[in-house]
Amino acid sequence: MAEPILICTDLDRTLLPNGPQPESADARRRFRTLVEHQEIQLVYVTGRDQQLVLNAMLMYQLPQPEYVIADVGTTIYRIDADGEWTAVQEWQQQIDRNWNGYSRQQLAELIHQRDLRLQEPSKQNLHKLSYYVPLKAKQQNISAAIQTVFQQHGIQASLIWSIDEPNGIGLLDIVPASASKFHAIEFLLQWLQLNPSQCVFCGDSGNDMEVLLSPLNSVLVANSSAAIQQMARAGVSQQGLEPSLYIATGDFLGMNGFYSAGMLEGIAHFFPHTYDWMQIS
Ligand SMILES: [Mg+2]
């Protein structure tokens, strides 16, 4: 057997064709054929929680992965052959140190910001404290106030702001500082004793940027915005890491480079021998 290859991919608008661009007809079928190869180990890397990942797998007929990095990097699950999900405890313990012994509930008690409203219990987890925030709220002021209190208590956290566009509301996720997509992938590589050169990451948007700009082999699918492509290009060139980023352009196996078509194009760029594994009859 050839060397294993770890394919780590974002879901929404990367593997899942749920953006405005059309999906090439055979793209996902080719992807499923590729990952059937024994050498390929598949990892989903997503902001979704376990249930939302399962929903997506069903809806889009996705192959079963070996690992899922979920909840914006705060959980890593191992999925066994029976489809059983088990959280990787070592990862939980590692990111737990960032919170200096404070639980999520204790963190919430330190925060006194009247613009913040706690999200439903189902949206919280051991290492993710999530709030709703009005779009007009002053994010910078809120971030600064929270980080000041956290510093006084020796807590290292990342504040991740995003927008729930359909509902017109801002979202704030507070997670341990080391709980990012990038650090979770790095952890997994070490844990599986794989060399970083055996890994390729695929993504499409801002929350993938840390990985896209890292030395890991990365693919930006062609449906990503011009602004994201420009930011990624500038970021890697600043660090002299141009060879580690591939931006899909389409015209590969007759496909358009969007979603999984772009992933396949990039995977073949970094691992040319996988081209033969993408053929379907
Ligand atoms: Mg995405």
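For what it's worth, our numbering labels the leading residue of the sequence shown as 5, then goes sequentially. Ideal Cβ positions, reconstructed from N, Cα and C, are used throughout, including at glycine.
Worksheet item: Mapping DSSP to helix, strand and coil, what is Y106?
Response: As a first step, residue 106 must be located in the sequence shown, where it is residue number 102. Y106 carries a coil assignment under DSSP once its states are collapsed to helix, strand and coil.
Practice prompt. Apply the 10 Å Cβ neighbour rule to A6 and answer buried if 16 or more other Cβ atoms are within range, or exposed otherwise.
Written response: Locating residue 6 in the sequence shown gives position 2, where the first residue counts as 1. So A6 ends up on the exposed side.
Practice prompt. If I'm right that L249 touches L216 with Cβ under 8 Å, what's the distance once you round it to whole angstroms?
Written response: Position 245 of the sequence shown holds residue 249. Position 212 of the sequence shown holds residue 216. Confirmed, about 6 Å.
Worksheet item: When DSSP labels each residue in this structure, what does I115 get in the three-state scheme?
Response: Counting from 1 along the sequence shown, the entry for residue 115 is found at position 111. Secondary structure at I115: coil, using DSSP grouped into helix, strand and coil.
Discussion item. Starting from W281, trace the beta strand (DSSP E) in both directions and tell me its first and last residue.
Written reply: Residue 281 sits at position 277 when you count from the first residue of the sequence shown. In the DSSP assignment, W281 falls outside any beta strand (DSSP E), carrying neither H nor E.
Worksheet entry | Buried versus exposed call for S285 [16 or more other C-beta atoms within 10 Å across all chains shown] | Along the sequence shown, one-based indexing puts residue 285 at 281. By the neighbour-count criterion, in which a residue is buried when 16 or more other Cβ atoms sit within 10 angstroms of its Cβ, S285 is exposed.
Item to complete: Spatial neighbours of F256 within its chain, please: CB distance less than 6 Å, with the 5 preceding and 5 following residues excluded, ordered by chain position.
Response: The sequence position of residue 256 within the sequence shown is 252, counting from 1. The beta carbon of F256 is closer than 6 Å to those of E269 in its chain, skipping five residues each way along the sequence.
Item to complete: Take R33 and list the residues in its own chain whose beta-carbon comes closer than 8 Å to its own, dropping the five residues that flank it on each side.
Response: By one-based count along the sequence shown, residue 33 stands at place 29. Once the five neighbours on either side are set aside, the close Cβ partners of R33 are I284.
Worksheet item: Quick one: Cα of N104 to Cα of S209, how far?
Response: Stepping through the sequence shown from its first residue, residue 104 is reached at position 100. Stepping through the sequence shown from its first residue, residue 209 is reached at position 205. N104 and S209: Cα-Cα distance of roughly 31 Å.
Worksheet item: Should S134 be counted as a contact of ligand 1 given a C-beta to heavy atom distance under 6 Å?
Response: Here residue 134 refers to the residue found at position 130 of the sequence shown. Relative to the non-hydrogen atoms of ligand 1, the Cβ of S134 never comes closer than 6 Å to any of them.
Discussion item. Under 6 Å, CB to any heavy atom of ligand 1. Which residues pass, going along the chain?
Written reply: For ligand 1, the selected residues are D14, D16, R17, T18, D208 and S209.
Fill in: Uninterrupted alpha helix (DSSP H) stretches inside the region 190 to 222 (no shorter than 4 residues)
Inside the region 190 to 222, DSSP marks whole alpha helix (DSSP H) runs of 4 or more residues at positions 213 to 216, from first to last along the chain.
Item to complete: Measure how close the beta-carbons of A112 and L133 come, nearest whole angstrom, since I'm counting them as under 8 Å.
Response: Translated into the one-based positions of the sequence shown, residue 112 becomes position 108. Translated into the one-based positions of the sequence shown, residue 133 becomes position 129. Confirmed, about 6 Å.
Worksheet item: Do you know how far the Cα of L220 is from the Cα of F205?
Response: Numbered from its first residue, the sequence shown carries residue 205 at position 201. Numbered from its first residue, the sequence shown carries residue 220 at position 216. If you take the alpha carbons of F205 and L220, they lie about 7 Å apart.
Discussion item. Nearest by alpha-carbon distance to Q98: which of G87, G254 and T78 is it?
Written reply: By 1-based counting over the sequence shown, the position of residue 98 is 94. Of the candidates G87, G254 and T78, the one whose C-alpha sits nearest the C-alpha of Q98 is T78.
Discussion item. For V223 and I271, which I take to be in contact (beta-carbon distance under 8 Å), what is that distance rounded to the nearest angstrom?
Written reply: Counting from one through the sequence shown, the residue named residue 223 turns up at place 219. Counting from one through the sequence shown, the residue named residue 271 turns up at place 267. So it is a contact: roughly 7 Å between Cβ atoms.
Discussion item. For the region 83 to 95 against the region 62 to 70, do three or more pairs of beta-carbon atoms, one drawn from each stretch, fall closer than 8 Å, so that the two count as touching?
Written reply: A contact is defined here as three or more CB-CB pairs under 8 Å, and the region 83 to 95 meets this definition with respect to the region 62 to 70.
Worksheet entry | Proximity below 7 Å, CB of Y136 to CB of I173 | As a working note, residue 136 is residue 132 in the sequence shown. As a working note, residue 173 is residue 169 in the sequence shown. Their beta carbons are under 7 Å apart, which means Y136 touches I173 by this criterion.
Worksheet item: Where does the unbroken beta strand (DSSP E) through G174 begin, and where does it stop?
Response: Here residue 174 refers to the residue found at position 170 of the sequence shown. DSSP places G174 inside the beta strand (DSSP E), whose first and last residues are I173 to P180.
Discussion item. Just to confirm, is the Cβ distance from N102 to Q160 under 7 Å?
Written reply: In the sequence shown, the residue the question calls residue 102 occupies position 98. In the sequence shown, the residue the question calls residue 160 occupies position 156. Against a cut-off of 7 Å, the Cβ pair of Q160 and N102 comes out as a contact.
Fill in: Burial state of A74, where buried means 16 or more other Cβ atoms lie within 10 Å
Taking the first residue of the sequence shown as position 1, residue 74 is located at position 70. By the Cβ neighbour-count rule, A74 is buried, with 16 or more other Cβ atoms within 10 Å of its own.
Worksheet item: First and last residue of the beta strand (DSSP E) that includes S166?
Response: One-based indexing of the sequence shown puts residue 166 at position 162. S166 -> beta strand (DSSP E) spans A161 to D168.
Item to complete: Can you grab the Cα-Cα spacing for the pair L365 / D177, in whole Å?
Response: In the structure as shown, the chain begins at 5 and stops at 285. Residue 365 is therefore absent and cannot be evaluated.
Item to complete: Could you round the C-beta distance between G51 and N211 to whole angstroms and report it? I think they count as a contact, below 8 Å.
Response: Residue mapping note: residue 51 aligns to position 47 of the sequence shown, counting from 1. Residue mapping note: residue 211 aligns to position 207 of the sequence shown, counting from 1. The C-beta distance from G51 to N211 rounds to 7 Å, short enough to fall under 8 Å.
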